[in-house]
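Read through the structure below, which is laid out as structure tokens, and then see the notes.
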Amino acid sequence: RHPGWPVRLGPLTVAAGVVELRPPRLFDAGAWSRIRIRERSHLENWEPTAPGSWEERNGVLAWPSQWSALRGLARRGQTLPFMILVDGVLAGQVTVGNVLRGSLRSAWVGYWVDSEVTGGGVATAATALVVDHCFRHAALHRIEATVRPENTPSIRVLTKLGFREEGLFRRYLDVAGGWRDHICFALTAEEVTDGLVDRLVAAGRAQHG
Ligand code: ACO
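One point on numbering: in the working numbering, the residue at position 13 of the sequence shown is 683, and numbering is uninterrupted.
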């Protein structure tokens with residue numbers, strides 16, 4: 671069995687509201703699709719290249735296969751996928767992917783947030799919750815995040831949390847129709863014995879509950 675899965679994380683209160691994380695559900699289709707269709711211009715530049723139109727990939731009918739793929743990967747211990755709720759309403763996703771065990775015990779983290787609630791600490795809170803969970807309960811030692819150099823808000827999320835910049839990966843990921851350079855940020859468990867959530871609380875950026 672996958673250590674640390676399934677689980678709900680939070681609540682953690684930030685400027686935008688109360689942030690909670692829970693596993694994806696089949697009935698998220700309607701809310702997920704509504705946001706994804708509305709948020710095309712906010713999201714498109716930062717997401718993996720994929721076949722089909724945005725509407726096909728993000729319509730209600732696209733969710734069941736995405737949901738079952740995520741559920742399968744989660745059951746096999748390869749992914750920890752979460753829906754982000756703000757004040758009880760779906761507002762994004764945060765995913766821990768490519769979980770590798772053995773002597774690496776590493777994974778990546780990625781996220782998106784509805785532009786109606788951006789700028790209020792949601793992605794930062796969600797990432798803090800999942801990183802603490804990965805180090806404490808999912809037996810991981812290293813979490814990395816790769817981000818395009820142009821993605822200022824996402825770089826800010828990572829630097830606020832204390833992620834270290836490790837280097838520039840050239841033509842690393844096929845994103846928005848081309849091979850894009852990415853900056854790699856990472857944290858290992860030794861660097862966060864205190865916990866990222868506690869750091870946000872101590873900095874006055876979040877409150878428990
Ligand atoms: N210039 C400088 N700083 C900015 C800008 C800007 N143009 N826009 C936002 N910021 C800052 C905010 O002020 C905030 O910092 P602060 O707390 O110091 O004020 C920070 O960037 C954002 O932090 P949060 O509020 O925690 O993040 P938010 O909930 O707004 O979500 C996210 C950020 C996820 C990047 C959102 O904008 C989004 O969904 N973008 C599109 C998808 C995307 O880029 N996903 C990330 C891909 S990379 C990866 O997953 C590792």
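C-beta: ideal position from N, C-alpha, C; glycine also.
Taking 6 Å as the limit between beta carbons, can you name the residues of its chain near residue i, skipping five residues before and five after?
i, result
"Leu-870", "Ala-798, Ala-876"
Once DSSP output is grouped into helix, strand and coil, what is the label at residue i?
i, result
"Leu-774", "coil"
"Trp-675", "coil"
"Asp-864", "coil"
"Leu-799", "helix"
"Pro-693", "coil"
Quick one: residues in its chain with C-beta nearer than 8 Å to the C-beta of residue i, no 5 flanking neighbours on either side, listed in chain order?
i, result
"Ala-859", "Phe-805, Leu-810, His-811, Arg-812"
"Trp-778", "Val-766, Gly-767, Asn-768, Ile-813, Glu-814, Ala-815, Thr-816"
For residue i, does the count of other Cβ atoms within 10 angstroms reach 16, so buried, or fall short, so exposed?
i, result
"Pro-721", "exposed"
"Ala-761", "buried"
"Arg-771", "exposed"
"Glu-690", "buried"
Starting from the C-beta of residue i, find all residues in its chain whose C-beta is less than 7 Å away, skip the five residues before and the five after it, and write them out in chain order.
i, result
"Trp-724", "Arg-710, Glu-714"
Between the Cα of residue i and the Cα atoms of the options, which residue gives the shortest distance?
i, options, result
"Phe-855", "Arg-826, Asp-844, Gly-848, Glu-690", "Arg-826"
"Ala-872", "His-852, Gly-837, Lys-830", "Lys-830"
"Gly-865", "Leu-770, Ala-793, Val-800, Gly-729", "Val-800"
"Leu-630", "Glu-820, Leu-750, Gly-879", "Any answer about residue 630 is impossible in this case: the structure gives the chain only from 671 up to 879."
"Ala-629", "Asp-698, Val-684, Gly-747, His-672", "The shown model of the chain, from 671 to 879, leaves out residue 629, and the question about it has no answer."
"Gly-884", "Gly-791, Phe-839, His-803", "Because the chain is modelled from 671 through 879, residue 884 falls outside the range shown and cannot be assessed."
"Leu-857", "Ser-738, Gly-789, Glu-836", "Glu-836"
*alpha helix (DSSP H) segments (min. 4 residues) lying fully within the segment 774-855*: 792-806, 822-830
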